[in-house]
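Structure record follows, encoded as structure tokens.
Residue numbers (our numbering), protein chains in the order written: chain A, 1 to 200; chain B, 201 to 400.
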């Protein structure tokens, strides 16, 4: 005997979510079975609402719940500086720093030939179109500091530099609060390479 | 900036599920945002279906999707042997062994005075009623081999024995495929205490 068809269907659907194994799926299904109906239905309705109303911003491809995303709608943002990220979640990470007042452009991925992601699968054409349209003077390449992200940044830098726009990349180095002893050699190497004059 | 209201609501609801932290909730929300609408809606509908149609079997308190649960509906099950478990998930575990052909009774918990679970919070009154109604001759106490489960089994054994029914308990001992070296002393003690004659 397994569970009944309906409960098993819920366990199967939960098990398809990333990071949810069969045991977790079972545990969550029984949790949903046990909670007040309104609590479970709030989750169900939140899924429907997100699928119906959340779209990608047609300008920067961030998530949006109307026409443009919150950043593009904000008139105080500086249109001349563009931060290029791989994923909308990266925007939240950058926003949390409160160090950036420009706009974003979400590539929706990074170059990854093995998985069939080439320049045409990313929002690169749209990025180029924005340079002129919005009078962009600086592009900050905020792709992830891994193989795919670095390759994507390199590709974009080669494409953007001849267009006369300033192209910058996030600094690599030791994380704040980190420990020199546990830093990997690549990070430590980058930190040495990017060393800065001490103001004293 | 955080996410938009709808996406944040979904992340919040996912974060309320057991074993899902804020990062996992975010990851799952973005996964749901990315998949085909029908895939996300299948999950949403599975939640609604389970909340609307899955109930507890009025006889044994297993999960049921109609009147009685699948086990109670099966005429081939032996009504004279009753396996008492804490949770419907335990039934699936016992069923997988294919060693038990009787019926179940789900207590819906175990005695836990600290959390306010006393005998009245468990389905003990209903268990006693079934003994006569169904002509039960043996009750197998399949509560968990932990403090609460053992206390519950002890409580039930003392209550059931005077009623002239055979009361048994799952054997404690080393798990099959386990390693003597890594067994805790309680388990190894129980295994010694419950040692059996070797048939040779």
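All residues carry an ideal CB built from backbone N, CA and C; glycine is no exception. Keep in mind it's a predicted model, so treat the numbers as computed, not measured.
Partners in chain A for residue i, counting only beta-carbon separations shorter than 7 angstroms
i	result
residue 226/B	89
residue 240/B	47, 51
residue 244/B	44, 47, 48
residue 237/B	51
Sub-8 angstroms separation of residue i and residue j beta-carbons
i	j	result
residue 262/B	residue 306/B	yes
residue 141/A	residue 153/A	yes
residue 198/A	residue 233/B	no
residue 386/B	residue 365/B	no
residue 280/B	residue 336/B	yes
residue 46/A	residue 213/B	yes
residue 77/A	residue 101/A	yes
residue 304/B	residue 271/B	yes
residue 240/B	residue 65/A	no
residue 327/B	residue 367/B	no
Cβ-based neighbour list, residue i, same chain, cut-off 8 angstroms, excluding 5 preceding and 5 following
i	result
residue 390/B	372, 373
residue 322/B	307, 308, 309, 310, 311, 352
residue 243/B	232
residue 119/A	111, 155
residue 334/B	279, 280, 282, 303
residue 220/B	214, 228
Residue i: contacting residues in chain B (beta-carbon distance under 7 angstroms)
i	result
residue 30/A	289
residue 106/A	Near residue 106/A there are no residues of chain B at all, since even the closest Cβ is about 12 angstroms away, more than 7 angstroms.
residue 10/A	246, 247, 250
Identity of the residues DSSP links to residue i by a beta bridge
i	result
residue 78/A	102/A
residue 112/A	117/A
residue 55/A	64/A
residue 95/A	DSSP lists no partner for residue 95/A.
residue 141/A	84/A, 169/A
Beta-carbon contacts of residue i that lie in its chain and below 6 angstroms, excluding the five residues immediately before and after
i	result
residue 210/B	229
residue 15/A	22, 25
residue 1/A	Residue placement at residue 1/A is poorly supported in this model, since its pLDDT is 49, which falls under 50; the coordinates are not used for a value here.
residue 379/B	none
residue 257/B	264, 268, 269, 272
residue 329/B	none
residue 160/A	139, 167
residue 383/B	374
residue 145/A	172
residue 201/A	Any property of residue 201/A remains undetermined from this structure, which presents chain A solely from 1 to 200.
residue 299/B	none
Under 8 angstroms from the C-beta of residue i: neighbouring residues of chain B
i	result
residue 205/A	The question about residue 205/A has no answer here: the residues shown for chain A are numbered 1 through 200.
residue 13/A	242, 243, 246
residue 54/A	204, 206, 207, 233
Contacts that residue i makes with chain A (C-beta to C-beta distance below 8 angstroms)
i	result
residue 219/B	24, 27, 28
Own chain residues within Cβ distance below 7 angstroms of residue i, not counting five before or after
i	result
residue 375/B	none
residue 348/B	310, 311, 312
residue 363/B	331
residue 396/B	none
CB contact check: residue i to chain D, cutoff 8 angstroms
i	result
residue 375/B	Of the chains in the structure shown, none is chain D; the protein chains are A and B.
Are the stretch 75 to 88 of chain A and the stretch 219 to 228 of chain B touching by the rule of at least three beta carbon pairs closer than 8 angstroms?
-> no
Does the stretch 109 to 116 of chain A come close enough to the stretch 91 to 101 of chain A that 3 or more CB-CB pairs lie under 8 angstroms?
-> no
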